[in-house]
Each structure stands twice: as structure tokens, then as C-alpha cells.
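Since the structure comes first, as C-alpha cells, the remarks are kept for the end.
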Amino acid sequence: MELTNAQRLGLAMLAEIHTALNIRDGVDSKLVAQALWSKNDWAINWEHGFLLDDEEATPPHVSHVVSVLDMYDFIELSYADLDEAGKAVVAEAYPYGEPRFPGFDGNEEGEYYSAALFLIETMGRFSRFKDHDLNSHSPTVGASKRMIRAFEPLRAASINVAGTPRLSAEDIASIMKARHA
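Numbering (this note's numbering), first residue to last: 6 to 186.
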């Protein structure tokens with residue numbers, strides 16, 4: 006959905022009126038207003054696509070953010086379950102501390118940072134990262150693209166019988182090595 010600034014303003018004001026009137030019709034007008042103000046229009050289609058007549062593609066930067074959050078969800082869950090020997094394997098390959106989602110650079114990667122913030126804080130997705138500092142203060146998109154290339158072949162095989170993501174220490178090590186390749 007491509008909106009002019011005037012359309013964005015008008016729609017945001019209508020959403021705020023909708024909220025103020027406490028209309029309960031299935032539309033999350035607070036989310037709509039927040040999406041419009043923050044230029045995360047894609048979120049309106051994600052949450053209210055059933056009301057819209059168009060099948061808009063998710064913007065590439067949002068798809069990348071979702072892939073990164075999914076990958077780090079696997080990494081952080083799996084790392085937490087490793088024993089000391091497994092953590093030592095990861096530390097040998099990645100001597101920078103516990104693998105943790107670093108966020109995106111709020112200045113240089115603003116679209117990515119904004120999408121991550123909106124997904125986590127406003128939409129309640131990937132709640133595991135709610136306590137993370139989402140501003141890395143240095144670019145991370147290039148590194149995360151390399152990491153995703155290492156992660157994707159491992160992803161399907163790393164879901165256990167219960168449907169829980171579990172990467173081995175060696176898998177985590179190879180993904181984290183790609184970050185600094």
C-alpha cells in the first residue's frame with residue numbers, strides 16, 4: 006500500500022478517532038495508527054489483510070527481519086539448552102560471548118530497526134526479544150545475510166519431534182562463524 010503523506014495523516018487521524026470512540030469492530034485502530042505514524046504500513050496488511058482487496062507482498066526488509074528473528078530464536082533457544090561442553094564448542098568458534106540477537110543499526114538500517122521494533126513491541130511477535138536492545142549501533146544486515154545462508158540448510162533438520170527448534174553446538178558455531186566471515 007503506497008500512501009502519500011496526506012493520505013497517511015488522514016488515515017492515522019481516522020484511526021485515532023476510531024480508537025477514541027471505542028468502536029469494537031475487529032479493527033485494531035491503535036495498531037493501524039502506529040503503523041501509519043511509523044511508516045510500517047505492511048503491518049496493516051499483516052493484521053487486517055482480510056479487509057483489504059490486495060495481496061501485497063511483504064517488503065524485502067521486513068522479510069529479512071522476520072528471517073533474522075526466526076534464526077536468532079532458534080539460536081538462543083538452542084544455546085540455552087547446551088551443556089558446558091556444547092557452550093565451549095560455540096565459544097571456540099564465536100569468542101564474543103553468548104550468541105544473542107544484536108538488533109539493527111537505528112541510523113544506517115532504520116527500516117530494519119523500525120520493522121523489528123514494530124514486530125516485537127507493537128505486534129507482540131518474537132516476544133523473546135522484548136528485553137533485547139534492538140539498536141545495534143553498527144550495521145548488522147550484511148552479517149545476518151551471511152548467517153541466514155548458513156542457517157537455512159540446518160533449519161528444517163533442527164526441529165525436534167515436539168516441534169521445538171534445537172540446533173546442535175556445531176550448528177550454532179557454524180552459523181555464528183558466518184557472522185564474521
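Where a beta carbon is used, it is the ideal one built from N, C-alpha and C, also for glycine. Everything numeric in this text was worked out from a predicted model, so none of it was measured.
- Can you say whether L26 is buried or exposed, counting buried as having 16 or more other CB atoms within 10 angstroms of its CB? One-based indexing of the sequence shown puts residue 26 at position 21. Exposed is the call here.
- Query: Which residues mark the beginning and the end of the alpha helix (DSSP H) in which Y77 is found?
  - Reply: Along the sequence shown, read from residue 1 onward, the residue named residue 77 stands at position 72. P65 to A85 is the span of the alpha helix (DSSP H), which, as asked, contains Y77.
- Excluding the five sequence neighbours on either side, which residues of its own chain have a C-beta within less than 6 Å of the C-beta of V94, listed in chain order? Walking along the sequence shown from the start, residue 94 turns up at place 89. Counting only Cβ-Cβ distances below 6 Å, and skipping sequence neighbours, we find A174 and A178.
- Residue(s) in a DSSP beta bridge with N140: Working through the sequence shown from its first residue, we reach residue 140 at position 135. BP columns for N140 point to F109.
- Item | 8 Å contact criterion, which F106 and Y77 should meet: CB distance rounded | Indexing the sequence shown from 1 puts residue 106 at position 101. Indexing the sequence shown from 1 puts residue 77 at position 72. About 4 Å; that satisfies the 8 Å criterion.
- Query: Start and end of the alpha helix (DSSP H) containing P158?
  - Reply: Your numbering for residue 158 matches position 153 in the sequence shown. First-last of the alpha helix (DSSP H) with P158: V146 to R160.
- Query: How many whole angstroms separate the CB atoms of E7 and D33, which I take to be in contact at a CB cut-off of 8 Å?
  - Reply: Locating residue 7 in the sequence shown gives position 2, where the first residue counts as 1. Locating residue 33 in the sequence shown gives position 28, where the first residue counts as 1. Between D33 and E7 the Cβ distance is about 22 Å, and since that is not below 8 Å, they are no contact.
- Could you spell out where the alpha helix (DSSP H) holding A95 opens and where it closes? Residue numbering aside, residue 95 sits at position 90 when the sequence shown is read from its first letter. First, the residue type needs correcting, since residue 95 is Val and not Ala in the sequence shown. E89 to A98 is the span of the alpha helix (DSSP H), which, as asked, contains V95.
- Would you report the Cα separation of G168 and L87, rounded to the nearest angstrom? Reading the sequence shown from its first residue, position 163 is the one you call residue 168. Reading the sequence shown from its first residue, position 82 is the one you call residue 87. Taking the straight line from one Cα to the other gives about 18 Å.
- Where do the ends of the alpha helix (DSSP H) carrying D176 lie? Here residue 176 is taken as the residue at index 171 of the sequence shown, counted from 1. Residues A174 to R184.
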